[in-house]
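All residue numbers for the sequence shown refer to our numbering, where the first residue is 6 and numbers rise by one. Positions of the beta carbon are idealized from the N, C-alpha and C atoms, including for glycine. Notes follow once the structure below has been shown.
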Amino acid sequence: MENKLREKLPDELGESDAEEELNALAEEIKFHDLRYYNDSNPIVDDFYYDGLRRRFETIARRFPQLSVAIEIMDKVGSAPSAGFNKIIHSEPMLSLGNAFSEEEVFDFSDRVRRFLKLDQNIPLEFVSEPKIDGLSASLRYEKGEFVYGVTRGDGTAGEDITKNLLTIDDIPKKLTTQIPEILEIRGEVYMTKVAFEELNKSQEAIGKNKFSNPRNAAAGSLRQLDPLITATRSLNFFAYSWGTVSATEINTHLGFLDLFRMNGFSVNPLSKICENVEDILTSYKKVADLREQLPYEIDGMVYKVNRLDWQSRLGTVSRAPRWAIAHKFPAEQNETRLTKIDIQVGRTGVLTPVGRLKPVTVGGVTVSNVTLHNEDEIERKDIRVGDIVVVQRAGDVIPQVVSVNLKERGDDSQVFIFPKICPSCGSETLRAEGEAARKCMSGLSCSAQAVERLKHFVSKHALNIDGLGEKQIRLFWEMKLIENPGDIFRLSRHRQQLQEQQGWGARSIENLYQAIEKARQVEFDRFIYSLGIPQIGQVTAKLIAENYTNVGRWREAMIECGNGNQEAWESLINIDQIGVSVGHDLLNFFSQEKNLEILNDLNNELIIKHYEFQPALQSKMAGKTLVFTGTLTAMGRAEAKVQAERHGARVSNTISKKTDYLIAGEAAGSKATKAQQLGITILSEEEWISLLDDYSS
Ligand code: IVH
């Protein structure tokens, strides 16, 4: 994702350079959004991410004619990920403008008055509320019944997370008191600080990755494809806003909060009416003082004009209401001692320094590790073992060291020397010109890399082998039972050796073997992802699978590319969303003999399914575009999609004029209404299944 153009200032860019760079920036932003929203696991900090966005905006503003890029950017929110159905919000879910100082809050109030032409003597009431650091969700109730719930997504469409929301106690399933026929309630799903700490403890106990903060933990928990897992996570909900609402007499924001409360929702108890900006600032200070003691995380206050007629006159500007603003708290910081710097070696050999801290609470959450990013960062901040460091947690990022408290530094302190050899395998490391990362180049012969690669290979979205976590992989690696991924499928030859290991009963060995056998059949895209090739995440793996359809064709094409076949190379980098940089990483992987051996070995051990998209022409569904809505009873959504595709249909998430059939399960909502308006044929689940039965061969 490196881009030479970025060395130039925005002012120095010509139009074609600008277009190229905007596209590259959008791609990179999208990449990080996926890490953040889909994996709940950001890999860069706010500072870096905001820098990308700022540069994008600066360039886009300088070249307003490049509207294509701005359209790209609009889509770069958080694209709904595969796995959940997409639901279009009947009213967009807005974001908020920010104020960082008291002055900006006064400006906000002045802007509102100017817009509404209100003299200073006319009272202008606001409601101030804590800004909860979670994820927003929209809950639709029809005649008091909970119909569905959706994530914010990109603000226009989100993901159908109904089943997961049903597991949250704060969300009533039925509303009974003075409710409009249609009522969409919006608010924040969050995890308390205590629940977060507990979840991390249990994640650690089962060898799973810990979450970096309550917000990510809430996101990860809410976006579980299996609602039973969500149910085990402790989540809460505060109601603070609404979407579509049929006729109501409520005419203030506070009136809606009362309605929510009357119907059993939690409304944040610190929400209050403010008569003017002075009042607002008092409430800000009061809540800021309470912040540390609150059981949940907040990152600021939100001020909203109370009168709804004024809200509607004020309207919105670039996806944020003119009638509300978020007043952010400064990032939370605390000081503690840096006891050690460990160097971790990742799957691709990158050496990452991790600072170990004397545990300290920052914003109510215990922090004992910080990422120190890379050797330049350590040098720039002159971070040394033994230093008292200022640690910061800002919103969604992994805690960082902001600075060193030099007054506390002892005379014997020593500059940290970043190791030049790999701490895991002892081989030389290399830092390519212009790159921040130092890498161990010995690939799979480096045990840290090999173990990381194996961990990735068996992880949930790859081969998904239960019972094979970090601990077991490390053990089998040390016992020399597993060196390459293919060895996993030959583990059954070592039953005797395993039985002799402490803690391995016959039953657990049997379970492990069964899980391994189950994993032998694997979808092509999962297989590609499991190889752990740099930049090949789940989405890219799927694109590759779609294009090459089976492992043989893919391997051949990649080898052709390596042999300089221009046509093969062009067709690779022209795949939507795959560019030169991803192309090079693929070629690099295929150029290594060892990787080809691993691939061949796996091809022998596994049954790698061909990517399926085979229209059955005799089916009535062939060539049709289908949309599913509501709950299906005979099969899950995922299966329904596979069935539809097997019969030659395409499945889309959104209704448009191009839709041929809407298949409406139970509790079908707005999609059914839209389909009716567009004159699209609506089939019940049974009708649809009978059509499949009639024609399946
Ligand atoms: S009002 C138009 N109120 O902050 C109304 N948002 O930065 C939009 N948030 O997406 C939201 N607490 O996820 C509102 N009391 C509160 C909030 C709140 C947290 C979040 C919400 C929103 C984001 C905007």
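Contact belief for residue i with residue j at Cβ below 8 Å, rounded distance in angstroms
i      : j      : result
Val409 : Val394 : 6 Å
Glu130 : Ile278 : 6 Å
Ala649 : Leu631 : 5 Å
Lys168 : Asn658 : About 17 Å; that fails the 8 Å criterion.
Leu548 : Ile583 : 6 Å
Ser100 : Gly160 : 7 Å
Leu18  : Ile34  : Between Ile34 and Leu18 the Cβ distance is about 18 Å, and since that is not below 8 Å, they are no contact.
Phe595 : Gly567 : 6 Å
Gly448 : Lys599 : 7 Å
Arg385 : Ser418 : Not quite, the Cβ-Cβ distance comes to about 17 Å (not below 8 Å), so this is no contact.
Ala236 : Thr172 : 4 Å
Ile137 : Glu202 : In fact, because the Cβ distance is near 18 Å, the residues do not count as touching under 8 Å.
Asn268 : Thr182 : 5 Å
Residue range of the unbroken beta strand (DSSP E) whose run includes residue i
i      : result
Ala162 : 162–164
Ala677 : Careful: Ala677 lies outside any beta strand (DSSP E), inside the alpha helix (DSSP H) at 675–683.
Cys427 : Neither: Cys427 is in no beta strand (DSSP E) and is coded neither H nor E.
Glu189 : 187–195
Lys386 : Lys386 -> not in any beta strand (DSSP E); alpha helix (DSSP H) instead, spanning 380–386.
Asn241 : 241–250
Gln405 : 405–409
Whether residue i touches residue j by CB criterion (8 Å)
i      : j      : result
His652 : Thr554 : no
Pro185 : Arg324 : no
His258 : Ala104 : no
Phe532 : Ile603 : no
Gly248 : Arg327 : no
Ala293 : Phe261 : no
Ile514 : Ile470 : no
Asn273 : Arg312 : no
Asp665 : Thr686 : yes
Phe529 : Ala550 : yes
Phe270 : Ile166 : no
Lys460 : Ile487 : no
Val155 : Ala142 : yes
Met306 : Glu134 : yes
Leu227 : Leu140 : yes
Glu610 : Arg498 : no
Residue i, enclosing alpha helix (DSSP H) - first and last residue
i      : result
Arg655 : From DSSP, Arg655 is part of no alpha helix (DSSP H) but of the beta strand (DSSP E) over 655–657.
Trp574 : 571–578
Arg109 : Just to set this straight, residue 109 is Glu in the shown sequence, not Arg. Note, Glu109: alpha helix (DSSP H), 107–121.
Thr167 : 167–170
Ile234 : 232–237
Tyr289 : 282–295
Cys566 : 556–567
Lys35  : 20–38
Lys277 : Counting along the chain, Lys277 falls outside any alpha helix (DSSP H), though it belongs to the beta strand (DSSP E) covering 277–279.
Ile93  : Segment 91–93 is the beta strand (DSSP E) holding Ile93; no alpha helix (DSSP H) there.
Gln519 : 511–524
Close beta carbons around residue i, own chain, < 6 Å, minus the five adjacent residues each side
i      : result
Asn241 : Asp175, Tyr195
Ser689 : none
Arg145 : Val152, Tyr153, Glu189
Pro404 : Val372, Val375, Val396, Arg398
Gly684 : none
Arg655 : Thr630
Residues of its chain near residue i, where Cβ-Cβ distance is below 7 Å and the 5 sequence neighbours each way are ignored
i      : result
Lys148 : Glu186
Phe265 : Ile190, Ala244, Val272
Beta-carbon contacts of residue i that lie in its chain and below 8 Å, excluding the five residues immediately before and after
i      : result
Phe462 : Leu468, Pro490, Ile493, Ser535, Leu536, Gly537
Pro364 : Thr341, Thr371, Val372, Ser373
Thr638 : Gly670, Glu671, Glu690
Thr344 : Arg361, Leu362, Lys363, Val390, Gly391
Bridge-paired residues (DSSP) for residue i
i      : result
Glu337 : Arg398
Cys445 : Thr434
Val310 : Phe131
Thr634 : Ala669
Val375 : Gly360
Glu705 : The requested residue 705 does not occur in the structure, where the chain is confined to residues 6 to 702.
Arg342 : Ile393
Cys451 : Answer by DSSP bridge pairing: none, since Cys451 is not bridged.
Val370 : Val367
Leu688 : Ile668
Pro326 : Thr321
Ala142 : Thr156, Gly192
Check: residue i C-beta below 7 Å from any heavy atom of ligand 3
i      : result
Arg157 : Although ligand 3 was asked about, the structure shown includes only ligand 1 as ligands.
Short CB-CB distance (under 8 Å) between residue i and chain E
i      : result
Gly354 : Note that chain E does not occur in the displayed structure, where there is just one protein chain.
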